[in-house]
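A.B. asks:
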Amino acid sequence: MKNEDLQNIIIGLGTDLKFSTEASEFLNIIVPKEQLHSVCSQLKSNPDLKFNYAFCITGMDWGKELGVIYHLESTELKHRIVVKVMTEDRENPTLDSVHDIWQTADFHELEVYDFFGIKFNNHPKLRRLFLTPEWEGFPLRKDYVDEANMVIK
Amino acid sequence: MNVLIINMQLNITRAIHDWLFSVMPEGAATITEWVLIAVAYLALFAVAGLYLVLLERKVAAWFQLRLGPNRVGPWGLFQTMADALKLVSKELTSTDRIDKFLYNLAPYFVIVTSLTAIAVFPFSEQFQAFDINIGVFFLFAISSIGVIGILLAGWASNNKFALIGAMRSGLQTISYELSVGLSLLTMVLLTGSLQLSEIVEVQRTGGWLILQGHIPAIIAFCIFIIAGTAETNRAPFDLVEAESELGAGFHTEYSGMKFAYFFLAEFINMFIIASIAVVLFFGAWLSPFGITEGITWFPEVLWFLIKVLIIIFLMMWFRWTFPRLRVDQLLTLEWKYLLPLNLINLVIMAIVIWMKWTI
Amino acid sequence: MISQEVKNKIKTEEYFINMGPQHPAAHGVLRLLLTIDGEIIKNVEPDLGYIHRSIEKMCERDSYQQIVHLTDRMDYLSSNINNEAVCLTVEKALELEVSDRVKVIRTIIAELTRLASHQLWWGVMGMDLGALTTYFYAFRDREMINDIFEETCGARLTMNYNIPGGLMFDIHPNFVQRTKDFIAHFKTKLPEYDRLLTGNVIFEKRTKGVGILTKEDAISFGVSGPVARGSGFASDVRKHHPYSAYDRVAFKEILFTEGDTYSRYKVRMAEMWESMAIIEQLIDNIPEGDIQAPTKAVIKLPKGEYYQRVETARGELGVYINSDGNKNPYRVKFRSPGFSNLSVLNHISKGVKIADLVATMASFDFVIPDIDR
Amino acid sequence: MGVDKKRFLNQYEAEGLKQVMPEDFPGKVIPGGNGGNIVVTTLDSVINWGRSNSLWPLYFGTSCCAIEMMQTGAPKHDFSRFGFEVARPSARQADLIIIAGTIVNKMGPVLRRLYDQMAEPKYVIAMGACAISGGPFYYNTYSVIKGADHVIPVDVYVPGCPPRPEALLEGMIMLQEKIKTENMSKKVNPIDGFDEGK
């Protein structure tokens, strides 16, 4: 399915969705964080979309906002989109978990929490996955400094 | 040359015996003699165990397209000596929360039981330390005590992997005891005696038992070798120390010499199982078709060792070829297949003897 | 029989076991927190990070050429394919067209890497199930592939042979002949693998019906690679989103529908045959051409987001590069196949025995640095 | 964890020579010791012969180097010739840790615990650039320990990324030679004073 067709279907799934195809091979959809869960569940259940395979979930620090990028694919209909969600709260960023839609999100959200400190509502067990529980800070944020361990080149 | 050695051996033992009885009272002399025999056996089988370890490593290497140990001594013959030396000089570690007494007792339990069992084997006509009239029963009893040592080790080391390993060992030994016992019983039907020297005598006149008993005897042998492999906790039944599942299994917390006892006991147990098979199925020290019967100087113990080594090789072959069974499959194999087969086989053997169909 | 009253008095307790980080079945330093009742597994909680080397953070300060060599160390068993993934992403961003020669050589090298990886997996799978000899058979043949690589690029494991824009250097003159020799040799050895392990009764009992993963779960958990194809999920990136020279070779996508450990095993065994078929189609007619497209010494990607998917030996590797136009990427994310595959482990190993968990893990073929990055 | 500057000891510093390395150099050099004037007694040589010929490694590999370590045990290179093939899954029974791969901050305490669990005498080979110094993961990384010798004392360093199997074999033979020069009465536990940087 063409990107334009996809956009026409998806535009009805929520309000304030922003679309762009600039500098990316996929159709990018920026979803307001309140609507993330409802839009995502419709992306999966809508018979014209059927995005059942989340092949990549990336945490992101845009400098001002923190957020998550979901790369989605439909294994039946063979189309792909990118869903982005961001939050400006850097102190206590919180997003909705989508682990009940795509179960792979369970682990990927742990990874995002570990590296970016984004908390996910309704996540079954949010914990440090890669780093030790007593680790301070979230290393993949752009403002992370660690003078003891990092040797900067 | 050989005749000289054999005669010398006999002469030496005879001379020592006479000398002992001449210098001290009868009771003391007997006890001294026992101790001497025990020490001799201990030394002999410690070395035998070491060389079995080396053999295993060499056989493994041959199966696996490698060379195996060949740098320490000629053809690597001193490799296991070096290992033993290192293990002796290694620190004995322990943890805080172990049951000290049981933890220290366990390795001795295992090694002592396996060394005790060796006493009754007729290695040749003269070479038998302890010829009791319930030999088979004794072997059967002793070989199942060893598992208590393993259970103690697993329990006392306060380690969950060790505990799982010990529990597996318990259930494995209890199950496969039955098959070992029943398959031996099948053969005892043929001999009519539990005394090992008499069992050999029966075979001297009537041919090896595996030929005398033909079909049921062969089935009994197959069952015995499967159950025997399971009894020694070797692959494909090595669930006790399944490396990829339990780390080192029941001896996870043991180091140095205590670990070496477990290690050595495994190989001596293998020797015991092979020896039982040789005595009960392959005519112990009797030569095949009596080819060396007339030669008086020929060391009959050689035949015994050759047969034992062939069976040990077979068990090593299993180990380096088969994957490991799962614990429920292990029990299924015993209780659903081997045990019923064994009972039927026992009846067949009884019929064979009743109808005088033996060869 | 035990009366109900006695039964009520007997209490069993679940307990925890730490499997790893140092454990023979952990394939490195995976740590699993197992909740066990007797021998039955109630819950598996992976604890990662024992080899987390922060490759994604390092990439943010490295140039694009430097990123390539970090990917070698990520999934070291498919290092060439990882290199290729980054190179393809950079080339896609620069809209750089590499020559046919590069494409074909990359494909051959990738398939050789896949063969080497699957050989190692086969050896270790046998070892995890208790048959140690498989390990040595596999390494015997793997050594031949290592020799081919060594001759061409000087390294045995972490090759760093692909660079953005092409290859580091041309193939060695012996490369074609040695590869052909290897294929001829391995065609006689692969049936030997089958004879040693595949038909074994114990092996079949240990793997058939163990660790069943349904197709729906596979898709939902984002599982890819041979694990997904063992469950009937057609996820082969080489087939569905062809890159390099995969669009010009004929090969089957191996699919099994049972979803158990045995079918995952069969998928990989069959894939070895397919890999050899791909190499055979390409090895005789490697086209002439440049081995490097001209690139600047300092590569700067245009502003934007780039995503490239490749099929490593373990599954789908995704490289996400977010560039802000500088010589360093703004953010790099590696979607590693092992990480998604690991997430399904708890789901499919509830209620099985410890030995089954080990067999399932062996069939998943984890490489821990690939999961931890 | 991480780089604790108190623990650094510089070889030049130890010998009272001029400081040539910068203060903040995140690596540690174990001062050269174990000179040549050791009287080898007979018992020592027998025990050392046993120990040097029976080095049982621990199953321990964290990353890429582990594959080359496995390759060393495989048919072509075959370290079983020297009696190294009895790899033990339990630290209690092993004599040798081959640190094959990167040690990260989370793994550091585990490695230390494994080392502490091993029975004396115990030896360590740092295999590969990561175990020696952090290797390619030296710069810009927040989680890698820059050299396994920040965690446990190392006997032999085998450079390479990853080292070839031949290199590892060479390292193991060097370790054998080192053991052969040991003196039982003067042997010190390498972990004594390690944490204080001695």
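Residue numbers (my numbering), protein chains in the order written: chain E, 993 to 1145; chain A, 1016 to 1374; chain G, 373 to 745; chain P, 24 to 221.
All residues carry an ideal CB built from backbone N, CA and C; glycine is no exception.
All of these numbers come straight from a predicted model, not from anything done at the bench.
(1) Residues of the region 98-114 of chain P in Cβ contact with chain A at a cutoff of 8 Å, in chain order, please.
(2) Taking contact to mean at least 3 C-beta pairs separated by less than 8 Å, is the region 1322-1330 of chain A in contact with the region 1169-1176 of chain A?
(3) Please list the residues of the region 511-532 of chain G that have a C-beta atom closer than 8 Å to any C-beta atom in chain C, keeping them in chain order.
(4) Measure the CB-CB distance between Asp447 of chain G and Thr684 of chain G and report whether it falls below 8 Å.
(5) What does a CB cutoff of less than 7 Å around Phe1153 of chain A pick up in its chain, not counting 5 residues either side in sequence?
(6) Let me check one thing: in DSSP terms, what residues is Pro418 of chain G bridge-paired to?
(7) Give me the chain G residues within the contact set of Gly1262 of chain A, using Cβ-Cβ distance strictly less than 8 Å, ordered along the chain.
(8) Under 8 Å Cβ-Cβ, which residues of chain P neighbour Asp1114 of chain A?
(9) Going along chain P, which residues have a C-beta under 8 Å from Tyr422 of chain G?
(10) To the nearest angstrom, report how far apart Val1217 of chain A and Thr1206 of chain A are at their CA atoms.
(11) Using a Cβ cut-off of 9 Å, pull out every chain P residue sitting near Pro1131 of chain E, in sequence order please.
(12) Anything in the region 997-1018 of chain E with a Cβ closer than 9 Å to a Cβ of chain G? List those residues in chain order, please.
(13) Can you list, in chain order, the residues of the region 473-501 of chain G whose Cβ is nearer than 8 Å to any Cβ on chain A?
(14) Taking one C-beta from the region 1004-1011 of chain E and one from the region 1022-1031 of chain E each time, how about it: are there three or more such pairs within less than 8 Å?
(15) I need the straight-line Cα distance from Ile1144 of chain E to Tyr162 of chain P, nearest angstrom please.
(16) Give me whichever residues DSSP pairs with Ile1022 of chain E in a beta bridge.
(17) Once DSSP output is grouped into helix, strand and coil, what is the label at Val595 of chain G?
(18) So is Ala606 of chain G buried or exposed if we call it buried at 16+ other beta carbons inside 10 Å?
(19) Just how far apart, CA to CA, sit Ser435 of chain G and Glu456 of chain G?
(20) Is it buried or exposed for Ile1306 of chain A, if we count other Cβ within 10 angstroms and need 16 for buried?
(21) Report the residue from A:Leu1317, A:Tyr1352, A:Leu1354, A:Ile1283 whose alpha carbon sits nearest the alpha carbon of Ser1129 of chain A.
(22) Give the list of continuous alpha helix (DSSP H) stretches no shorter than 4 residues that lie fully inside the region 1027-1094 of chain A.
(23) For the candidate residues G:Pro536, G:Met540, G:Gly502, whose alpha-carbon lies nearest to that of Gly526 of chain G?
(24) Quick check on Gly631 of chain G - is its C-beta less than 8 Å from some C-beta in chain P?
(25) Quick one: which chain E residues come within Cβ less than 8 Å of Ile591 of chain G?
(26) Can you round the beta-carbon distance between Ile175 of chain P and Ala154 of chain P to whole angstroms, since I take them to be within the 8 Å contact cut?
(27) How close, in whole Å, do the beta carbons of Ala1076 of chain A and Ser103 of chain P come, if the pair is a contact with beta carbons under 8 Å?
(28) Output the boundary residues of the beta strand (DSSP E) element that contains Val704 of chain G.
(29) Going along the chain, which residues of its own chain have a beta-carbon closer than 8 Å to the beta-carbon of Asn1038 of chain E, five neighbours each way excluded?
(30) I'd like to know if Trp1350 of chain A contacts chain G, where contact means its C-beta is closer than 8 Å to some C-beta of that chain.
(31) Are the CB atoms of Tyr422 of chain G and Trp494 of chain G nearer to each other than 8 Å?
(32) Residues of chain G with CB closer than 7 Å to the CB of Pro1040 of chain A, please, in chain order.
(33) By the criterion of Cβ-Cβ separation under 9 Å, what are the contact partners of Arg1081 of chain A in chain P?
(34) How about His424 of chain G and Lys169 of chain P: do their beta carbons lie closer than 8 Å?
(35) Residues of chain A with a CB under 7 Å from the CB of Leu504 of chain G: which are they?
(36) For Ile1021 of chain A and chain P, any beta-carbon pair shorter than 8 Å?
C.D. replies: Reading off the structure:
(1) Pro98, Asp101, Ser103, Arg104, Phe105, Gly106, Glu108, Val109, Arg111, Pro112, Ser113
(2) no
(3) The structure shown contains no chain C; its protein chains are E, A, G and P.
(4) What you label residue 447 of chain G is simply residue 75 of the third sequence in a count that begins at 1. What you label residue 684 of chain G is simply residue 312 of the third sequence in a count that begins at 1. Contact flag set, yes.
(5) Taking the first residue of the second sequence as 1, we reach residue 1153 of chain A at position 138. Excluding residues within five positions, the ones whose Cβ falls inside 7 Å are Val1135, Ile1147.
(6) Numbered from 1 along the third sequence, position 46 holds the residue referred to as residue 418 of chain G. According to DSSP, Pro418 of chain G bridges with G:Leu404.
(7) Residue mapping note: residue 1262 of chain A aligns to position 247 of the second sequence, counting from 1. Here the neighbours are His395, Pro396.
(8) Along the second sequence, one-based indexing puts residue 1114 of chain A at 99. By Cβ distance, chain P contributes nothing, its closest Cβ being about 17 Å from Asp1114 of chain A, past 8 Å.
(9) Along the third sequence, read from residue 1 onward, the residue named residue 422 of chain G stands at position 50. Within chain P, the residues near Tyr422 of chain G are Thr85, Val127, Lys129, Met130, Val133.
(10) If you number the second sequence from 1, residue 1217 of chain A lands on position 202. If you number the second sequence from 1, residue 1206 of chain A lands on position 191. Taking the straight line joining both Cα atoms gives about 6 Å.
(11) Taking the first sequence and counting its residues from 1, one reaches residue 1131 of chain E at position 139. The contacting residues are Tyr165, Ser166.
(12) Glu1014, Ala1015, Ser1016, Glu1017, Phe1018
(13) Gly498, Met499, Asp500, Leu501
(14) yes
(15) Against the first sequence, residue 1144 of chain E aligns to sequence position 152. Against the fourth sequence, residue 162 of chain P aligns to sequence position 139. About 6 Å.
(16) For the purposes of this step, residue 1022 of chain E is taken as residue 30 along the first sequence, with counting starting at 1. Ile1022 of chain E pairs with E:Lys1010, E:Lys1076.
(17) Position 223 of the third sequence, counted from the first residue, corresponds to residue 595 of chain G. The answer is coil: DSSP assigns Val595 of chain G none of H, G, I, E or B.
(18) As a position in the third sequence, residue 606 of chain G is number 234, starting the count at 1. By the 10 Å Cβ count, Ala606 of chain G comes out exposed.
(19) Taking the first residue of the third sequence as position 1, residue 435 of chain G is located at position 63. Taking the first residue of the third sequence as position 1, residue 456 of chain G is located at position 84. Using only the alpha carbons, I get a separation of about 16 Å.
(20) Along the second sequence, one-based indexing puts residue 1306 of chain A at 291. When all chains shown are included, Ile1306 of chain A counts as exposed.
(21) Residue numbering aside, residue 1129 of chain A sits at position 114 when the second sequence is read from its first letter. The candidate whose alpha carbon is nearest that of Ser1129 of chain A is A:Ile1283.
(22) 1041-1078
(23) Locating residue 526 of chain G in the third sequence gives position 154, where the first residue counts as 1. Considering only alpha carbons, the answer is G:Met540.
(24) Here the question's residue 631 of chain G lines up with position 259 in the third sequence. Chain P, which has no Cβ nearer than 8 Å to the Cβ of Gly631 of chain G, makes this no.
(25) Numbered from 1 along the third sequence, position 219 holds the residue referred to as residue 591 of chain G. Within 8 Å Cβ-Cβ: Asn1044, Tyr1045, Thr1067.
(26) Reading the fourth sequence from its first residue, position 152 is the one you call residue 175 of chain P. Reading the fourth sequence from its first residue, position 131 is the one you call residue 154 of chain P. Incorrect: roughly 10 Å between the Cβ atoms, too far for contact.
(27) In the second sequence, counting from the first residue as 1, residue 1076 of chain A sits at position 61. In the fourth sequence, counting from the first residue as 1, residue 103 of chain P sits at position 80. With 8 Å as the limit, Ala1076 of chain A and Ser103 of chain P qualify as a contact, their Cβ atoms being about 6 Å apart.
(28) In the third sequence, counting from the first residue as 1, residue 704 of chain G sits at position 332. Val704 of chain G -> beta strand (DSSP E) spans 703-707.
(29) Counted from its first residue, the first sequence places residue 1038 of chain E at position 46. Hits under 8 Å: Ile1001, Leu1005.
(30) Within the second sequence, numbered from 1, the residue matching residue 1350 of chain A stands at position 335. No - not a single Cβ of chain G is within 8 Å of the one on Trp1350 of chain A.
(31) Position 50 of the third sequence, counted from the first residue, corresponds to residue 422 of chain G. Position 122 of the third sequence, counted from the first residue, corresponds to residue 494 of chain G. No, they are not a contact pair.
(32) Within the second sequence, residue 1040 of chain A is the residue found at index 25, counting from 1. Within 7 Å Cβ-Cβ: nothing; Pro1040 of chain A doesn't reach chain G, min ~57 Å.
(33) On the second sequence, position 66 is the one that residue 1081 of chain A refers to. Residues of chain P passing the Cβ test: Gly96, Ala97, Pro98, Asp101, Ser103, Arg104, Glu108.
(34) As a first step, residue 424 of chain G is located in the third sequence; it is residue number 52 there, counting from the start. As a first step, residue 169 of chain P is located in the fourth sequence; it is residue number 146 there, counting from the start. No.
(35) Numbered from its first residue, the third sequence carries residue 504 of chain G at position 132. Near Leu504 of chain G (Cβ distances below 7 Å), the residues of chain A are Trp1335.
(36) Counted from its first residue, the second sequence places residue 1021 of chain A at position 6. Only weak support is given to the placement of Ile1021 of chain A: the predicted model assigns it a pLDDT of 46, under 50, and the question is left unresolved by the model.
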